[in-house]
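Comments concern the structure below.
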Amino acid sequence: SEVARLQQRETGAFDTFVAGALAGAGATFVTHPPDVIRTRVQLGRMMQARSGGSRVPVSLTKIIKEEGWRALWVGSLPR
Numbered sequence: 013s014e015v016a017r018l019q020q021r022e023t024g025a026f027d028t029f030v031a032g033a034l035a036g037a038g039a040t041f042v043t044h045p046p047d048v049i050r051t052r053v054q055l056g057r058m059m060q061a062r063s064g065g066s067r068v069p070v071s072l073t074k075i076i077k078e079e080g081w082r083a084l085w086v087g088s089l090p091r
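Just so we're aligned: the sequence shown equals residues 13 to 91 in the working numbering.
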């Protein structure tokens, strides 16, 4: 890696571990909100099909307004 090169050493297992962990955390932070919306849309369709009722609209603004920003990342952290 660039840091290891600047420090005139080889990239070790710890460097690789930290890089992978940071990449995974970044990917989760970016991709989790669309997954939350997709899951809620799918569940809404399933509930509508079962009940025969009207569909409940799901949108980013509705989630943020009713539940706050944190709702977009619910379930993304290990317990």
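Don't be surprised by glycine CBs; every beta carbon is placed ideally from N, CA and C.
Assigned with DSSP and collapsed to three states, E22 falls in coil, not helix or strand.
Your pair V48 and V86 checks out as a contact, with CB atoms roughly 7 Å apart and the cut at 8 Å. Here V53 has V70 as same chain residues with Cβ atoms under 7 Å from its own Cβ, once five neighbours each way along the sequence are excluded. For L84, the CB contacts under 6 Å within the same chain, skipping 5 residues up- and downstream, are P45 and V48 in chain order. By the CB criterion at 8 Å, A31 and E22 fall outside the cutoff.
For V30, the three-state secondary structure derived from DSSP is helix.
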